[in-house]
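Chains as they are written, first to last, in full-length UniProt numbering: chain A, 1 to 452; chain B, 1 to 452.
What follows is a single structure, written as structure tokens, with notes after it.
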């Protein structure tokens, strides 16, 4: 691989350009939008996102972990807000394990800067993909600055062009390509909690705040400027839905009833509600991810997922890291099929996990028996250090592949379901004798809830 | 509904035009291809297809059952050809129940003729759909004769434009539209058994011939001119696959080993094999099928299925019949959502049934225990006339909706699985005492294997 075209200069596209550029590969990146370092990003569209271990590992591979972490905010756990305004805390992992809230725009800028520092990387903005020739790995892009078409030439085209990928569309139409797009019933809308008068965070800073309301939820992630970005996840249709929030009165009443404690913190609630878009949430699954040694999909283009596990960007970054490892390991061999085989099932697994986590976040986290389950899991983890890792931690704090994490996690869930049926479990789990019960359960599950 | 645009003048589009035209509705049909009454149809692409009761019912609604049946050939059952050339017969249903082989081109011509006889129907050929405006139910078509664009105006657009529907593509991109395209591992290729020297059929005429070979199969359907159209269904990749049939020697050897009895009947085997295309087989599922009272999908555009149940055209014709019934029943009400709700689950059900029937045709029909199962089912059917109807008959010879047929069929299968485990069942089923056993089984299954 000596010359590569990348469609898309988003987070995954620019990280990929950086990785390949550092290998001395000639890279041309074509991005439909303008240079986000120069223009304002759309308001109200996922301005911050979560980064965790898989993401840090990928960033550290290009020496960026430290600098990016400086502009990220650690979130040590979930802070649940009940309807009455009571708070409950649930840690994400062990002491010191956190996920990080970072600004999408800022991270993208860092990656673009670093990628452009590579002599072999060129980034072309305002270039719209018109057509892909799969057989020749060439693509036509319209340079919107002068309305001229240019043709890219390379050995490989990477489609890092997001959930609505043009590269994938060509594969969908021209190959025997399996494809699925599935929307959930919920949409989302972003709202802002600005900093307080003295420039501080209006809620506890180092948490992901959740207002779980079973069929819907509000969340808030901290930003470095003292603000929080809130996101309301709500069904499009039905009793409690965007459809039924048409007037300012309806919105006011809904927020006052459901999220009373946060209303005073969102001064522009009504204006933002009616100005910011309602965006949809889609899962996209496809195969194959690659065509010969010519075309490959990566990131959202290959596996767009719902945002509820905080693994959207992270799973794309892991794609890049794995691809780079394969180039390293097989320097003179075709690697795209290896890459696709290594990642496809993991893409499906994280898609499933992300859908399941929506139910956890909007419903289960408000349930005392769920929090008990989490405490028991923490106890098992202490008894089997490095062996028993709860599903959330496997996904978020380890590098176990998603597929294995999902499989082990399903068995863990089964075991915990049985444990929670033990009479008086609320108290039993605190007794010393419970240790032996745990050992028995692990034995009964033939160690299949543990890492190998 | 006074004015309607139909995209697609294939079988479903022209039948729909005919139905709506007979209601006095103004209909404009736009078809990308030329008038098939004037041009030759592509060789080697599904030239004949199966019609059965649901199809006849839809045709009889416009007075065409009789005339179409005249140019159709009844197939009373499956004739299985073993590797050694031995024949086994399995009837499709009761005495007198048959499915019919008809020419796609001939049927389409009849439907076009009849539709054009309606004063309110206009059919425009060589018009390519460029763009659909969902909100206004207008569409732009390129008239390829003069390269001019025209805009259709109507209250409703029907997408009857097939598996790769342009109308559906617009919905897929512009709505929160769930969509799946799934290819099977097999492709197909058509071959011809010409009439004998004296103009007769070279195989028994009134059967669907099958050469079941577990992972692949050949079938042959009779045509009115004395020929049969053969279709080879074979995996693209793997040991026995199109990939491994690259040379004339490979093809000759493969046919000689697997289909020895038919080789002498296909004189142009090798030329046809390398001239005719290898075509793929896709299942397409989507929702919603309709947008407001403006756009609706029908036929393959809504539910493209694999051909193994002979229900591809038939299920599309049933869409048209049901739609017409709804217009009749609710003359002054919106009906597109009712139509979509009535049909969507049935589309999914026939898609699943069609995939399952591939395994039945290529593998099970060659198995003695499968034929025993069919005989026992025929016996149960005799004992419960009009109440117990085997799945194949429910789908093919009844008007029970596909969804219910599938559900009842799954329970029937479970019951028969248990019956076939009875020791010495090969002989027991012929004894008089077996009647009581059947009654007991039916009772145990709480009549849920019977029609209501």
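All C-beta atoms, glycine included, are put in the ideal place defined by N, C-alpha and C.
Discussion item. Within a Cβ cutoff of 7 Å, which residues of the same chain sit near residue 337/B, ignoring the five residues on either side of it in sequence?
Written reply: On the second chain, position 337 is the one that residue 337/B refers to. Around residue 337/B, the same chain offers 290 as residues with beta carbons nearer than 7 Å, after the five sequence neighbours per side are excluded.
Worksheet item: Mind pulling the alpha helix (DSSP H) runs of 4 or more residues that sit fully within the stretch 99-152 of chain A?
Response: Complete alpha helix (DSSP H) runs here, min 4: 104-117.
Discussion item. Taking 7 Å as the limit between beta carbons, can you name the residues of its chain near residue 355/A, skipping five residues before and five after?
Written reply: Taking the first chain and counting its residues from 1, one reaches residue 355/A at position 355. Residues of the same chain with a CB within less than 7 Å of the CB of residue 355/A, apart from the 5 flanking positions on each side, are 283 and 306 in chain order.
Worksheet entry | Neighbourhood of residue 248/B by C-beta distance below 7 Å, restricted to the same chain and skipping five residues each side | Reading the second chain from its first residue, position 248 is the one you call residue 248/B. Close CB contacts of residue 248/B within its chain, under the 7 Å cut and outside five residues either way in sequence, are with 270 (chain order).
Worksheet item: By Cβ distance, which residues of its chain are closer than 6 Å to residue 114/B, with the 5 residues on each side in sequence left out?
Response: For the purposes of this step, residue 114/B is taken as the residue at position 114 of the second chain. Contacts found: 18.
Item to complete: Say whether chain A places a C-beta atom closer than 9 Å to the C-beta of residue 440/B.
Response: Within the second chain, the letter at position 440 stands for residue 440/B. So, not an interface residue.
Worksheet item: For residue 408/B, which of helix, strand or coil comes out of DSSP?
Response: To locate residue 408/B, count along the second chain from 1; it is residue 408. In the three-state DSSP reduction, residue 408/B falls in the helix class (H, G or I).
Discussion item. Taking 8 Å as the limit between beta carbons, can you name the residues of its chain near residue 144/B, skipping five residues before and five after?
Written reply: As a position in the second chain, residue 144/B is number 144, starting the count at 1. Sequence-distant partners of residue 144/B (beyond 5 residues in either direction) whose C-beta falls short of 8 Å from its own C-beta, in its chain, are 126, 127 and 128.
Discussion item. For a contact defined as C-beta to C-beta under 7 Å, what are the partners of residue 176/A on chain B?
Written reply: Within the first chain, residue 176/A is the residue found at index 176, counting from 1. Correct list: 183 and 280.
Discussion item. Taking 9 Å as the threshold (beta carbon to beta carbon), is residue 180/A in contact with chain B?
Written reply: Residue mapping note: residue 180/A aligns to position 180 of the first chain, counting from 1. Closer than 9 Å to some Cβ of chain B, the Cβ of residue 180/A qualifies, so yes.
Practice prompt. Classify residue 130/A as buried or exposed, calling it buried when 16 or more other Cβ atoms lie within 10 Å of its own Cβ.
Written response: The residue labelled residue 130/A in the question sits at position 130 within the first chain. Exposed is the call here.
Fill in: Among 240/A, 218/A and 225/A, nearest to residue 231/A - alpha-carbon criterion
Walking along the first chain from the start, residue 231/A turns up at place 231. For residue 231/A, the closest C-alpha among the options 240/A, 218/A and 225/A is that of 218/A.
Item to complete: Would you list the residues sitting across from residue 232/A in a DSSP beta bridge?
Response: For the purposes of this step, residue 232/A is identified with residue 232 of the first chain, where counting begins at 1. Per DSSP, the beta-bridge partners of residue 232/A are 189/A and 218/A.
Worksheet item: Is residue 16/B near residue 158/B, with beta carbons less than 9 Å apart?
Response: Taking the second chain and counting its residues from 1, the one referred to as residue 16/B is at position 16. Taking the second chain and counting its residues from 1, the one referred to as residue 158/B is at position 158. The answer is yes: Cβ separation under 9 Å.
Worksheet item: Per DSSP, which one or two residues make a beta bridge with residue 78/B?
Response: Indexing the second chain from 1 puts residue 78/B at position 78. Beta-bridge pairing by DSSP links residue 78/B to 90/B and 208/B.
Worksheet item: What residue ranges within the stretch 260-301 of chain B form continuous alpha helix (DSSP H) runs of no fewer than 4 residues, ordered along the chain?
Response: As far as the stretch 260-301 of chain B is concerned, its whole alpha helix (DSSP H) runs of at least 4 residues are 269-275.
Worksheet item: Which parts of the stretch 355-419 of chain A are runs of the alpha helix (DSSP H), unbroken and 4 residues or longer, counting only runs that do not cross its ends?
Response: Along the stretch 355-419 of chain A, the alpha helix (DSSP H) occurs as fully enclosed runs of 4 or more residues at 368-383, 391-397 and 402-419, listed in sequence order.
Discussion item. Using a Cβ distance threshold of 8 Å, determine whether the stretch 85-102 of chain B contacts the stretch 65-77 of chain B, with at least three qualifying pairs required.
Written reply: Output reads yes: the stretch 65-77 of chain B touches the stretch 85-102 of chain B.
Worksheet entry | Candidates 138/A, 155/A and 202/A: closest to residue 149/A by CA position | Position 149 of the first chain, counting from 1, holds the residue named residue 149/A. Sorting 138/A, 155/A and 202/A by C-alpha distance to the C-alpha of residue 149/A places 138/A at the top.
Worksheet item: residue 19/B lies in the alpha helix (DSSP H); which residues open and close that run?
Response: Numbered from 1 along the second chain, position 19 holds the residue referred to as residue 19/B. DSSP places residue 19/B inside the alpha helix (DSSP H), whose first and last residues are 11-22.
Item to complete: Would you list the residues sitting across from residue 28/A in a DSSP beta bridge?
Response: Against the first chain, residue 28/A aligns to sequence position 28. As DSSP reads the structure, residue 28/A sits in a beta bridge with 5/A and 122/A.
Practice prompt. Could you pull out every residue in the same chain whose Cβ sits closer than 6 Å to the Cβ of residue 293/B, ignoring the five residues on either side in sequence?
Written response: Mapped onto the second chain, residue 293/B falls at position 293. Closer than 6 Å at Cβ, skipping near neighbours: 334 and 336.
Discussion item. Just to confirm the assignment, what range does the alpha helix (DSSP H) spanning residue 55/B have?
Written reply: Here residue 55/B refers to the residue found at position 55 of the second chain. DSSP places residue 55/B in the uninterrupted alpha helix (DSSP H) bounded by 53-60.
Practice prompt. Could you spell out the range, first to last residue, of the alpha helix (DSSP H) harbouring residue 425/B?
Written response: Within the second chain, residue 425/B is the residue found at index 425, counting from 1. 425-428 is the span of the alpha helix (DSSP H), which, as asked, contains residue 425/B.
Worksheet item: Closer than 9 Å, CB to CB, is residue 291/B near chain A or not?
Response: Residue numbering aside, residue 291/B sits at position 291 when the second chain is read from its first letter. So no, residue 291/B is outside the interface.
Discussion item. Please return the same chain residues whose Cβ sits closer than 6 Å to the Cβ of residue 323/A, not counting the five positions on each side in sequence.
Written reply: Here residue 323/A refers to the residue found at position 323 of the first chain. Excluding sequence neighbours, residue 323/A sits near 339.
Worksheet item: Who are the Cβ neighbours of residue 259/B in its own chain at under 7 Å, not counting the five residues just before and after it?
Response: For the purposes of this step, residue 259/B is taken as residue 259 along the second chain, with counting starting at 1. Its chain contains 211 and 218 as the residues whose beta carbon lies nearer than 7 Å to that of residue 259/B, once the 5 sequence neighbours on both sides are disregarded; these appear in chain order.
Worksheet entry | Contacting residues, own chain, Cβ-Cβ under 7 Å from residue 254/A (five flanking each side not counted) | In the first chain, residue 254/A corresponds to position 254, counting from 1. Only residues of its own chain outside the window of five on either side were considered, and among them 245 have a CB closer than 7 Å to the CB of residue 254/A, listed in chain order.
Worksheet item: For residue 362/B and chain A, any beta-carbon pair shorter than 9 Å?
Response: To locate residue 362/B, count along the second chain from 1; it is residue 362. So no, residue 362/B is outside the interface.
Worksheet item: Does the stretch 19-39 of chain B touch the stretch 1-9 of chain B, meaning 3 or more C-beta pairs lie closer than 8 Å?
Response: Result yes; three or more Cβ-Cβ pairs closer than 8 Å.
Worksheet item: At least one CB of chain A closer than 9 Å to the CB of residue 168/B: is that the case?
Response: Within the second chain, numbered from 1, the residue matching residue 168/B stands at position 168. It does not; no Cβ of chain A falls within 9 Å.
Worksheet item: Cα separation between residue 430/A and residue 420/B?
Response: Taking the first chain and counting its residues from 1, one reaches residue 430/A at position 430. Taking the second chain and counting its residues from 1, one reaches residue 420/B at position 420. When rounded, the distance between both Cα atoms is 53 Å.
Item to complete: Run the CB neighbour count on residue 422/A, radius 10 Å, all protein chains shown included, and call it buried at 16 or more, exposed below.
Response: Walking along the first chain from the start, residue 422/A turns up at place 422. Flag for residue 422/A reads exposed.
Practice prompt. Tell me where the beta strand (DSSP E) around residue 159/B begins and ends.
Written response: To locate residue 159/B, count along the second chain from 1; it is residue 159. Looking at the DSSP string, the run of the beta strand (DSSP E) that includes residue 159/B is 156-159.
Worksheet item: Which residue's Cα is closest to the Cα of residue 327/B: 176/B, 94/B, 288/B and 23/B?
Response: Residue 327/B sits at position 327 when you count from the first residue of the second chain. The candidate whose alpha carbon is nearest that of residue 327/B is 23/B.
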